[in-house]
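Chains as they are written, first to last, in numbering that gives the first Met the number 0: chain A, 0 to 484; chain B, 0 to 484.
Beta carbons are placed, not taken as given, at the ideal position from N, Cα and C, and that holds for glycine.
There are 2 protein chains.
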Amino acid sequence: MISAALRVRDERPSLFAQVAADIALLIQKGSLRPGDRLPSVRRLARERGISVATVLSAYERLELDGLIDARVKSGHFVRETAVVLPRSKPKRLALAPRKVSVSEGVYALIESMREPTVVPLGAAQLDASLLPIKALNRILASLARELSTAGAHYDMPPGLLVLRRQLAKRSVLWGTPLGADDFVITAGAMEGLQLALRATTRPGDTIAIATPTYFGILQLVEEMNLKVIEVPTLPGVGMDLDALEIVLSQAPVRACLAVTNFDNPLGSLMSDSNKERLVRMLEKRDIPLIEDDLYGDLAFDGSRPRPAKAFDRKGLVIYTSSISKTIAAGYRVGWVVAGRYHETIKRLKFSHSIATPTLLQMAVAEYLDSGSYDRHLRHLRERIRREVARYRSEVASAFPVGTWISEPKGGFVLWLELPGQISALALQARALEANIAIAPGPIFGARARFSSCIRMTCGSPWSPRIADAVKKLGELCYELARTPK
Amino acid sequence: MISAALRVRDERPSLFAQVAADIALLIQKGSLRPGDRLPSVRRLARERGISVATVLSAYERLELDGLIDARVKSGHFVRETAVVLPRSKPKRLALAPRKVSVSEGVYALIESMREPTVVPLGAAQLDASLLPIKALNRILASLARELSTAGAHYDMPPGLLVLRRQLAKRSVLWGTPLGADDFVITAGAMEGLQLALRATTRPGDTIAIATPTYFGILQLVEEMNLKVIEVPTLPGVGMDLDALEIVLSQAPVRACLAVTNFDNPLGSLMSDSNKERLVRMLEKRDIPLIEDDLYGDLAFDGSRPRPAKAFDRKGLVIYTSSISKTIAAGYRVGWVVAGRYHETIKRLKFSHSIATPTLLQMAVAEYLDSGSYDRHLRHLRERIRREVARYRSEVASAFPVGTWISEPKGGFVLWLELPGQISALALQARALEANIAIAPGPIFGARARFSSCIRMTCGSPWSPRIADAVKKLGELCYELARTPK
């Protein structure tokens, strides 16, 4: 290292100036902030393989420049009055609708999720007060305290056995008896969907997918260079199977992706007979069904609808789900039951992210084992049923006449179709200016349909703040309806 | 649901028999084990949307079949003597070398990592006793206890600011001053590498990569349908840049992937001047360099070599690293500094796995902030230097004359070239029969070179068990050398 450093010195005017410039840059970028202690002279010298004298010279230069102070016996600190360039400006959340692409609608939504001041009617997540996060964190805390070496090593695919056992036990409630060996644990359902698509398709392939559909899936599909045939979702009914039948007879579909229980955004529930028809229709052509059952535990009527996986006879249904909508999104724990693709998915999981965090899997397994989950679900289902009904009636009175509002049977999002060709992207932009996030319709379709639709999340308990936001959205709709197109 | 259930009843002989069969299957699969309690009659009825009478009939059938017992006032339980089919056989770890593909060498290695009885000379991970996992878990425990709602929500890309700030602060030690906004947090370095490859290539593209290289990268590249040009690594020197120069002048290389500091498996350190040459060579052709700096903190001489990223002037170097080799592999926390690809990587992270677990990022940030990491690194570098030296001298005396052993300058793996055309895959198979894992050479090359090489991890402190394993490996080499090919 010393020789390398010397070589660098030969090529450049002075090494100490370079070190000083590096640190000045860190101060400018805000990586080192006023009052922060700099690395000790000896440490920086050792780590960078340069002499103590060089570091001392660099620190002297920084002192002369007014950026740092030396304090006797305690080291060097960034000066409180150091001239720091302005940090990057707060992100502009608003969008100018004319310049907007669908992706920008997505990223504006994502950015808004990082802003606590924004009223969260955009992202599909439940307020923490509705989730059993305290209980789960308490379990995680005791596991982390007691199992002092847990998490040191990779927990290789298929993932932790205790968690897979808990999931297998629950499978009787889904009407789909599964063994622990049928599961692969993933970083949430999204990683599971991704691996399922990679296991069944190649770039350029065509897949069939319900529309409208969750924008994250559409972005993934775009990134994977898949062609998409959109099959309409019939509100209340789910994917239009007659339409799918026609699609399958005419296009070389390599996989079909469906959310059978309370799809996002429409909240429809596919009947058991339709699920069976869907599975049979695909198995006749040997086409895998990728089933996303993220909302299956959230039926308003308290039942637990079966997934299409329950009708799978040939291992062609790849079932994915997670705890993100019912327990904790930030734990990133999901699973895949992949049938004949099990080995492929296991291997893909390894080459994509190697493993899922050990302690988080343990905590989820213990939480499921505690029996609290069923109690929680009973309360949650009833709670979100009431919340969604409340949002629904408030939207009905605040929004322009002619607004169509979905009637979900589960889950916690509403889908609205606005009258008079109101632009959803314009509404998103205006709403963000008023610190309200919504999800604009165009991001739910591959071909930017749904230009006058929006998704509204009912994941926050009704409150004056929410009431104001819904009223404001209604007013914005009236304004936009008056704006000439 | 009731109507759907009735419809099912119409189609099938009896619903209760189906429910009973589902539960019997769960018992056979081991999802429900002797002594386990079954769901209560009311709960199962509610969840599956069937009548209480149907569930009662199903449970009666299972009692008659001798599979479950009803206990007064406490419910139904799997009978202790329930006839349970044998669980799936223990995985056979051994490989018959003739039928073996390179991938099977990898999966045998991965399977062996799930077996605590196997001596772990295969996977590149450190024994928990060498990692600061206790301190990290203690931090995680108090965060999970104190922040009762942390982890409820997605922490959207680029990831947690407190962690990105800590990483930015450390960047001065790498000679690469970075801001918090330069980082995207990923599920370990592997997800980072994956996203980097997806950001810079399309299927069918050609990339240049050092050989031998970590097999996980080769599997990923294969899955992504990339073509690979292998550039030799010169032991002690790193990627052969003269060879790379020729490759670049002749092939349409879209990206170059390199481990500049203590590459796995050779442990070479590329000099600063070579790093600069590498970066300039690529930037001249506008080719991105994907740099994997997983082992950069593990120099034996106590210095912290700069990454090639330090020489990046055009934002063409995508830097990846993680805590997996120095703190905890099972936390799955890594990062990418992507230069001009920053926005792309951020978006890919969202569509691949949405977010990285919140609490684990917080714990790592707090650990880094505590200052313990540098103390830990000082000890760890010295410790692994000694361990690697010990393994090296023991291998030298146990293995056949003519065995070439690498001389790493950091990290904790050795690369051996066996004499007399000993088959590494045959050695892996024989070693696994003796409960010893190694990584066979062929999995480190895209074209199954290195047939007589093995990688040996020195991640476990030297002990009689390790000593026996190394001696046994030496004996197996002698035996294989005598076996006619």
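Going by beta carbons, GLU290(A) and TYR330(A) fall outside the 9 Å limit. Taken in chain order, the complete alpha helix (DSSP H) segments of 4 residues or longer contained in the region 260 to 304 of chain A are 271 to 283.
Contact residues of the region 203 to 215 of chain B toward chain A are GLY215 (C-beta to C-beta distance below 7 Å).
Runs of the beta strand (DSSP E) lying entirely within the region 375 to 461 of chain A, each at least 3 residues long, are 412 to 416, 452 to 456 in chain order. Excluding sequence positions up to five before and after LEU142(A), its CB lies within less than 8 Å of the CB of ALA149, LEU358, MET361, ALA362, GLU365, all in the same chain and listed in chain order.
The Cβ neighbour count for ASP241(A), taken over all protein chains shown within 10 Å, is under 16; the residue is labelled exposed.
Proximity of PHE398(A) to chain B, defined by a Cβ-Cβ separation below 9 Å, is not satisfied. One alpha carbon belongs to ALA198(A), the other to LEU217(B), and they sit about 17 Å apart. The way I'd put it, the region 293 to 310 of chain B doesn't touch the region 101 to 121 of chain B; fewer than three beta-carbon pairs between them come closer than 8 Å.
Contacts between ILE109(B) and chain A, judged by CB atoms closer than 8 Å, involve MET155, PRO156, PHE349 in chain order.
TYR318(B) carries a strand assignment under DSSP once its states are collapsed to helix, strand and coil. Relative to the Cα of ARG339(B), the nearest Cα in the group GLU282(B), ALA466(B), THR212(B) belongs to GLU282(B). At least 9 Å separates the CB of VAL183(A) from every CB of chain B. With contact defined as three or more Cβ pairs closer than 8 Å, the region 198 to 209 of chain A and the region 170 to 186 of chain A are not in contact. At a cut-off of 3 residues, the continuous stretches assigned as beta strand (DSSP E) that sit fully inside the region 41 to 80 of chain B are 67 to 70, 74 to 77. Taking a Cβ-Cβ threshold of 8 Å, the residues of chain A close to ARG144(B) are ASN136, ARG137, ALA140, in chain order.
Beta-carbon to beta-carbon, TYR153(A) and MET269(B) are separated by about 27 Å, too far to satisfy the 8 Å threshold. Going by C-alpha positions, ASP35(A) is about 27 Å away from LEU293(B). Interface residue (Cβ-Cβ distance to chain B less than 9 Å): THR199(A) is not classified as such. Rounded to the nearest whole angstrom, the CA to CA distance from SER56(B) to ALA151(B) is 41 Å.
Residue burial annotation: HIS378(A) is exposed, with fewer than 16 other C-beta atoms found within 10 angstroms of its C-beta. The alpha-carbon separation between LEU288(A) and GLN27(A) amounts to approximately 52 Å. Taking the C-beta atoms as reference points, GLY295(A) is found no nearer than 9 Å to ALA167(B). Within chain B, the residues placing a beta-carbon under 9 Å from that of GLN124(A) are ALA151, HIS152, TYR153, ordered along the chain. For LYS226(B), the enclosing beta strand (DSSP E) covers residues 226 to 233. DSSP places LEU256(B) in the uninterrupted beta strand (DSSP E) bounded by 252 to 257. The Cβ neighbour count for ILE245(B), taken over all protein chains shown within 10 Å, is under 16; the residue is labelled exposed.
Taking the Cβ atoms as the reference, ARG42(B) lies roughly 7 Å from ASP373(A), within the contact range of under 8 Å.
The contact set of ARG42(A) on chain B, defined by CB atoms closer than 9 Å, consists of LEU172, ASP373 in chain order. By the C-beta density criterion, TRP414(A) is buried, having at least 16 other C-beta atoms within 10 angstroms. Relative to ALA307(B), the option among TRP173(B), ASN263(B), GLU59(B), PHE299(B) whose CA is nearest is TRP173(B). Here ALA250(B) is exposed. Its C-beta has fewer than 16 other C-beta atoms within 10 Å.
Secondary structure of ARG464(B) (DSSP, three-state): helix.
The C-beta distance from GLY237(B) to THR259(B) rounds to 6 Å, short enough to fall under 8 Å.
GLY29(A) reaches chain B at ARG164, ALA167, GLY178, ALA179, ASP180, counting residues in chain order whose Cβ is nearer than 9 Å.
With a threshold of 9 Å between beta carbons, SER323(A) makes contact with chain B.
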